[in-house]
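Using my numbering, you'd call the opening residue of the sequence shown number 216 and step up by one each time. Heads up, the beta-carbon is just placed ideally off N, CA and C, and yes, glycines get one too. See below for the structure under consideration.
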Amino acid sequence: MDQLQPFDALVIPSDDRGPHLVRLMTSPMNLQSTDEPYRCGRMPHPEVFMDYIAEGMGPGAWSFHLVEALDCMTKKFATPYIIFYPTISRDGMPFPVNKFVRDTQGRLYSEPKAWRGNLVVVKYRDAQYSAMTNISMADFPILKNYLSTHRPRNN
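Okay, structure coming up:
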């Protein structure tokens, strides 16, 4: 197994930059985990794309949110997504509100429940999260729809 393996991921910056694709590096894991991002046996490194995140904490400085269906869907996506978002900043201050998501949510926006910081979105090959796959900008409308009505789980 390769030491580092990249996958295309989508970054939704918290500032005025638009969403764009990046190469997200993953590293092999020796321990098996039941948590969705790790079931594929690889540790993603979204912290590389998160501004102001605490350094040296790896997955301890970010959390994740599963995107398995849109509202009113009766079946889950065959290829689900995970949104990674920062939780611990290097200076202890809150992360900036994600402007893109704020604008997308419009009148549904609530600052206490806002997405904050740069979001990194990855796609999985199947509903068991057994392997990551490359995301593309064609996935973006689905994610924009999801983000327009959903909040991070820790809020």
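Coarse secondary structure for residue i, derived from DSSP in three states
i    : result
K291 : coil
R238 : strand
D318 : helix
R368 : coil
P309 : coil
M347 : strand
Residue interval of the alpha helix (DSSP H) (run including residue i)
i    : result
F355 : 355–362
The beta strand (DSSP E) enclosing residue i, as first and last residue numbers
i    : result
K338 : 334–339
D223 : 220–227
I298 : 296–301
Buried/exposed call for residue i, threshold 16 Cβ in 10 Å
i    : result
A224 : buried
Original post:
Residue ranges of each beta strand (DSSP E) run of no fewer than 3 residues wholly in the segment 252–284, ordered along the chain?
Top reply: 257–259, 277–282
Original post:
Quick one: any contact between the segment 343–357 and the segment 299–316, if contact means 3 or more CB pairs under 8 Å?
Top reply: no
Subject >> Meets three-Cβ-pair contact criterion under 8 Å: the segment 255–267 and the segment 318–327 >> reply: no
Subject >> Inter-stretch contact (C-beta, 8 Å, three-pair minimum) for the segment 336–345 and the segment 294–307 >> reply: yes
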